[in-house]
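K.L.:
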Amino acid sequence: MKSIYRSLGKIHVCYSAPLHTSVEDHWVSATFASPTNKPITERQPTMIDREIELQTKDGAMNTFVTHPEEEGPHPVILLLMDAPGKREELHDMARRLGTAGYYVMLPNLYYRRVREFKIQESSREVMHEHMASLNNAMVCEDIQSLIDFADEESAARDGKMGCVGYCMSGPFAFAAAAKFSDRIAASASFHGVYLYSDKEDSPHLDAEMITGEMYFGCAETDEYAPKKMVDGLENYLRGTNLNSRIEWYPDTEHGFVFPKRGDKYHKKSAERHWERLFAMYRRCL
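Residue numbers 7 to 291, in this note's numbering, belong to the letters of the sequence shown in order.
1) Would you tell me roughly how many angstroms separate the C-alpha atoms of residue 290 and residue 270, rounded to the nearest one?
2) Who are the Cβ neighbours of residue 251 in its own chain at under 6 Å, not counting the five residues just before and after it?
3) Is it the case that the Cβ atoms of residue 117 and residue 66 are separated by a distance below 8 Å?
4) Whole-angstrom Cβ separation of residue 53 and residue 74, contact assumed at under 8 Å?
5) Of the choices 71, 281, 286, 164, whose alpha-carbon is the least far from that of residue 249?
6) Assign residue 227 to buried or exposed, taking buried as 16 or more other Cβ atoms, counted over all protein chains shown, within 10 Å of its Cβ.
7) The beta strand (DSSP E) that contains residue 238, what's its start and end?
8) For a test of the three-state rule: what should DSSP assign to residue 80, helix, strand or coil?
9) On the criterion of 16 or more Cβ atoms from any shown chain inside 10 Å, does residue 268 qualify as buried, or is it exposed?
10) Residue 72 bridges to which residues according to DSSP?
11) Using a threshold of 8 Å, state whether the C-beta atoms of residue 72 and residue 101 are closer than that.
12) Taking 8 Å as the cut-off, does the stretch 88-101 touch the stretch 179-195 (at least 3 CB pairs, one atom from each stretch)?
13) Would you grab the beta carbon distance between residue 187 and residue 215 for me? Rounded to a whole angstrom, and I think it's under 8 Å.
14) Can you list, in chain order, the residues of its chain whose CB lies under 8 Å from that of residue 280, leaving out five sequence neighbours each side?
15) In three-state terms, what does DSSP make of residue 125?
16) Would you tell me roughly how many angstroms separate the C-alpha atoms of residue 133 and residue 241, rounded to the nearest one?
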């Protein structure tokens, strides 16, 4: 069941979830503003937001899903979180992708340890423990669960899909592009860590398995993803047939895409990151 009302340039939707999901919040509000702050008269997309529980072999993975209400089915994009975890800031980023006509899924990758991680109420030490609990294989298992769910959704289009990972999830997006090469046609990493290392499961080792496009957005100054690592990755990829691009973002630091990252946020580069994502998804999906 669904009801819609409009007020002051906002569109509000009340949405009842399918029986196979549990939903915490059925309300979504999308605000649209013109440069002059006058009401926009043209029709704007109504968005559906959901919080679902996906049952995996390791437990219930709470996942945020957003997509346009109409004109589906929509290509699926997996948005993989950075170390501070699934939060409203990332929900907003998922919505920005979704309003362009995508079915976006943002899972809590820490679900095996905690349902909701709030760094403000915890510590960086605990955050690093959560990060260390994950590996490429585990996250790829989670991605399989996401794909299986999306394949049963009428609003989600079958076939080619996209992926993007930030920070700790950069290598996960890289590994997933290889693991699910028959599905992920476009994947991106932004200020991703451990993209090229001596670990046995370093994602660069499977780069030849990727049949889609791979993009790496790198901060100019990044202690977690240093230039030496990126240079090593670039040299390695030159010897492969991977359709990839490594791009440096001048005057940026780790986390530059996140609006709530204080002085680390670099608006010009963050907007470029959106342009690169949308262009790649248009090409490939």
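From the three backbone atoms N, C-alpha and C, an ideal C-beta is built for every residue, glycine too.
P.N.:
Taking the coordinates as given:
1) Taking the straight line from one Cα to the other gives about 31 Å.
2) Correct list, in chain order: 221.
3) Yes, the Cβ-Cβ distance between residue 117 and residue 66 is below 8 Å.
4) Contact holds; Cβ gap of about 6 Å.
5) Of the candidates 71, 281, 286, 164, 286 places its Cα closest to the Cα of residue 249.
6) Counting Cβ neighbours within 10 Å, residue 227 comes out exposed, since fewer than 16 surround it.
7) Annotation for residue 238: no beta strand (DSSP E) segment contains it, though the alpha helix (DSSP H) segment containing it runs 233-243.
8) DSSP places residue 80 in strand when its eight states are reduced to three.
9) Under this definition residue 268 is an exposed residue.
10) In DSSP, residue 72 forms a bridge with 55, 110.
11) Cβ atoms of residue 72 and residue 101: closer than 8 Å.
12) Taking a cut-off of 8 Å on C-beta distances, the stretch 179-195 does not touch the stretch 88-101, as fewer than three cross pairs fall below it.
13) 6 Å between Cβ atoms; contact.
14) Taking residue 280 as the centre and dropping the five residues before and after it, the same chain places the C-beta of 102 closer than 8 Å to its C-beta, in chain order.
15) DSSP places residue 125 within a helical segment (H, G or I) once states are collapsed to three.
16) The alpha-carbon atoms of residue 133 and residue 241 are separated by roughly 32 Å.
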